[in-house]
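Residue numbers (the numbering used here): 46 to 128.
So the structure is just underneath, and the comments pick up after that.
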């Protein structure tokens, strides 16, 4: 799941600090996940899902299917991301 969180951050063009703020995840927690020290908890995955409802929860958990259920329009970005 760590790699999928990195994929989400890259897709959204967000640095860890911005991603942590947007999802209400402590930066230390996110850092531990990204460094492979801890696996993301259900709470972390739920916070990501809540912050970015256009993401496919199935993809986040299993890696199957497409990352996005729909093409997002993100207010904090200049344009819609492309794959």
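Yeah, the Cβ is synthetic: ideal placement off N, Cα and C, and Gly gets one too.
These numbers were taken from a predicted model, which means no experiment stands behind them.
Around the C-beta of residue 100, 16 or more other C-beta atoms lie within 10 Å, and the residue is accordingly described as buried.
A straight line joining the alpha-carbon of residue 68 with that of residue 59 spans about 11 angstroms. Counting along the chain, residue 66 sits inside the alpha helix (DSSP H) bounded by residues 61-68. Relative to the Cα of residue 64, the nearest Cα in the group 89, 84 and 113 belongs to 89.
Leaving aside the five residues that flank residue 94 on each side, the residues in its chain whose CB is nearer than 8 angstroms to its CB run, in chain order, 100, 102 and 105.
Counting the other CB atoms within 10 Å of its CB gives residue 98 a total below 16, which places it among the exposed residues.
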